[in-house]
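Counting in this note's numbering, the sequence shown runs without a single skipped number right up to 126 at its last residue.
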Amino acid sequence: GGYPAGASENEALYDHEKLFRINNNIMMKSWIALIDPLSYGKFFYCSHSGHMVQQDDPDIIIASIKLALSDYRKIVKEKPSGQ
Numbered sequence: 044g045g046y047p048a049g050a051s052e053n054e055a056l057y058d059h060e061k062l063f064r065i066n067n068n069i070m071m072k073s074w075i076a077l078i079d080p081l082s083y084g085k086f087f088y089c090s091h092s093g094h095m096v097q098q099d100d101p102d103i104i105i106a107s108i109k110l111a112l113s114d115y116r117k118i119v120k121e122k123p124s125g126q
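Following this line, the structure appears as structure tokens:
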């Protein structure tokens, strides 16, 4: 049940785009909940990138590395001596 009876019936059983957006929203909320408690955690979302973010949006990769290095320097400065 639920599958088209004939080859001419190409209707989707559900709205793929709507399902993608709902799933994406759920995933973003879970990622943010994971990162939120961290002092230096960041969440980057590239809406126009696929799985190959480094090719689709290299500027965000460079910016995130610079931000991570900046945060690392802050952590090192805040670290009590002797640790």
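Backbone N, C-alpha and C fix where the C-beta goes; we use that ideal spot for every residue, glycine too.
Lys120 carries a helical assignment under DSSP once its states are collapsed to helix, strand and coil. With respect to the 7 Å criterion, Gly84 and Ile75 are not classified as neighbours on the basis of their beta carbons.
Between the alpha carbons of Asp102 and Phe86 lies a distance of about 15 Å. With a minimum length of 4 residues, the unbroken runs of alpha helix (DSSP H) contained wholly in the stretch 80–104 fall at 96–99.
When secondary structure is reduced to three states using DSSP, Asp58 falls in the coil class, being assigned neither helix nor strand.
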